[in-house]
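Written below as structure tokens is the structure these notes are about.
Next up, the structure:
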């Protein structure tokens, strides 16, 4: 009788690990499912070899960003503000024309400056930027 | 006597129940180790090759099929990587063509260091075009608060 009394408290003192296992397995599954690989990017189209001379691409406004950080829209130098106005003329609000431009950047520019300019175009509302 | 027999059988049953309970301590150990490994490794997997990329407000997230995208990284020192493998500049075209096989419907993600001359990125874009990519995605970190 006395041995039974001693044995019982020992068995009840063992730690119940089941809730810990539940929580850790749930956390593990949660991390495996919730953390997918996510990229944050600016997308750009590349002209296919045969498509460079096609009419559609020629109709799209061509924006050039020079080494001196000057902006040329179809060959005319414009400021950032003027660029917005000129793009409004190309893509009048309310029309369903695809907002697409062709972009040429000088190789002397720093990549960060080019991305900042492409970011400006995307913020303006350009949907597709073709790089050439 | 019958009472004693019943008592004995009950103690045996209780004892059997106690010993049948599985010891889940190793399971907890493994699960917690896996959890810690995931916590440590996942940011490294997501980050890929560490490159000081430019920031952009309009950067869009690619979530779907992100693991299938081919990431072409160029670091500040000009070293090139396809996914996590370093590539010699002279072998880039062939290595990229091989890696891009079967992924022709996806654009190539270019992860360039922000301080690089744009000419280096242009050279990569040209190679991407040569291997048949219809577009590129320029890796950019979305600015805080945008």
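Protein chains in written order, with my numbering: chain B, 1 to 132; chain E, 1001 to 1146.
Ideal placement from N, C-alpha and C gives every residue a C-beta, glycine not left out.
Continuous alpha helix (DSSP H) stretch holding residue 1125 of chain E: start and end: For this step, residue 1125 of chain E is matched to residue 125 along the second chain. It spans 1118 to 1130 - the alpha helix (DSSP H) in which residue 1125 of chain E sits, taken as one unbroken run.
Per-residue contacts from residue 32 of chain B into chain E (C-beta, under 8 Å): Here residue 32 of chain B is taken as the residue at index 32 of the first chain, counted from 1. What residue 32 of chain B touches in chain E: 1038.
Beta-carbon contacts of residue 1137 of chain E that lie in its chain and below 6 Å, excluding the five residues immediately before and after: Working through the second chain from its first residue, we reach residue 1137 of chain E at position 137. Excluding positions up to five away in sequence, the list reads 1107, 1109.
Beta-carbon proximity check, residue 31 of chain B vs residue 1035 of chain E, cutoff 8 Å: The residue you call residue 31 of chain B lines up with position 31 of the first chain. The residue you call residue 1035 of chain E lines up with position 35 of the second chain. In contact: residue 31 of chain B and residue 1035 of chain E (Cβ atoms closer than 8 Å).
Own chain residues within Cβ distance below 8 Å of residue 53 of chain B, not counting five before or after: Here residue 53 of chain B is taken as the residue at index 53 of the first chain, counted from 1. With a pLDDT of 45 at residue 53 of chain B, under the threshold of 50, the modelled position of that residue is not reliable, and no figure is offered here.
8 Å contact criterion, which residue 73 of chain B and residue 61 of chain B should meet: CB distance rounded: As a working note, residue 73 of chain B is residue 73 in the first chain. As a working note, residue 61 of chain B is residue 61 in the first chain. Yes, they are in contact, since the Cβ atoms of residue 73 of chain B and residue 61 of chain B sit about 6 Å apart, within 8 Å.
Chain-ordered chain B contacts of residue 1034 of chain E [CB-CB under 8 Å]: Position 34 of the second chain holds residue 1034 of chain E. Ordered by position in chain B, the residues that pass the 8 Å Cβ test against residue 1034 of chain E are 28.
Closest by C-alpha distance to residue 85 of chain B, when choosing among B/23, B/124, B/44: As a working mapping, residue 85 of chain B is identified with position 85 in the first chain. Ranking B/23, B/124, B/44 by Cα distance to residue 85 of chain B puts B/124 first.
Neighbour list for residue 117 of chain B in chain E, Cβ cutoff strictly below 7 Å: In the first chain, counting from the first residue as 1, residue 117 of chain B sits at position 117. Here the premise fails: no neighbours, minimum Cβ distance about 10 Å.
For residue 60 of chain B, the three-state DSSP class (helix, strand or coil): Against the first chain, residue 60 of chain B aligns to sequence position 60. Residue 60 of chain B: coil per DSSP, three-state reduction.
Cross-chain neighbours of residue 1083 of chain E in chain B, by beta carbon under 7 Å: Counted from its first residue, the second chain places residue 1083 of chain E at position 83. Neighbours of residue 1083 of chain E on chain B: none; closest Cβ ~11 Å, over 7 Å.
Pairwise C-alpha distance: residue 1102 of chain E and residue 14 of chain B: For the purposes of this step, residue 14 of chain B is identified with residue 14 of the first chain, where counting begins at 1. For the purposes of this step, residue 1102 of chain E is identified with residue 102 of the second chain, where counting begins at 1. Their Cα atoms are separated by approximately 56 Å.
Collapsed DSSP secondary structure at residue 1141 of chain E in the structure displayed: Indexing the second chain from 1 puts residue 1141 of chain E at position 141. Residue 1141 of chain E falls in the strand class under three-state DSSP.
Exposed unless 16 or more other CB atoms sit within 10 angstroms - verdict on residue 59 of chain B: Residue mapping note: residue 59 of chain B aligns to position 59 of the first chain, counting from 1. By the 10 Å Cβ count, residue 59 of chain B comes out exposed.
Neighbouring residues, chain E, relative to residue 107 of chain B (Cβ below 7 Å): By 1-based counting over the first chain, the position of residue 107 of chain B is 107. Correct list: 1117, 1118, 1119, 1122.
Neighbour-count burial assignment, residue 163 of chain B, 16 or more Cβ in a 10 Å radius: Residue 163 of chain B falls outside the range modelled here, since chain B spans only 1 to 132, and no answer is possible.
Inter-residue Cα distance where the pair is residue 1047 of chain E and residue 1070 of chain E: The residue given as residue 1047 of chain E occupies position 47 in the second chain. The residue given as residue 1070 of chain E occupies position 70 in the second chain. One C-alpha to the other measures close to 14 Å.
Amino acids of chain B, ordered along the chain, whose beta-carbon sits closer than 8 Å to that of residue 1142 of chain E: Walking along the second chain from the start, residue 1142 of chain E turns up at place 142. Correct list: 40.
Span separating the alpha-carbon of residue 42 of chain B from that of residue 1060 of chain E: Position 42 of the first chain, counting from 1, holds the residue named residue 42 of chain B. Position 60 of the second chain, counting from 1, holds the residue named residue 1060 of chain E. For residue 42 of chain B and residue 1060 of chain E, the distance between alpha carbons rounds to 6 Å.
Cβ pair residue 1098 of chain E, residue 1076 of chain E closer than 8 Å: Residue numbering aside, residue 1098 of chain E sits at position 98 when the second chain is read from its first letter. Residue numbering aside, residue 1076 of chain E sits at position 76 when the second chain is read from its first letter. No, Cβ-Cβ distance for residue 1098 of chain E and residue 1076 of chain E is not below 8 Å.
Any C-beta of chain E under 8 Å from that of residue 64 of chain B: Counted from its first residue, the first chain places residue 64 of chain B at position 64. Output row for residue 64 of chain B: interface = no.
Per DSSP, cross-strand counterpart(s) of residue 40 of chain B: Here the question's residue 40 of chain B lines up with position 40 in the first chain. Answer is E/1061, bridged to residue 40 of chain B.
DSSP state of residue 16 of chain B mapped onto helix, strand, coil: Sequence index remark: in the first chain, residue 16 of chain B carries index 16 (1-based). DSSP places residue 16 of chain B in coil when its eight states are reduced to three.
Test item: CB-CB of residue 1131 of chain E and residue 1084 of chain E under 8 Å: Walking along the second chain from the start, residue 1131 of chain E turns up at place 131. Walking along the second chain from the start, residue 1084 of chain E turns up at place 84. Not in contact: residue 1131 of chain E and residue 1084 of chain E (Cβ atoms no closer than 8 Å).
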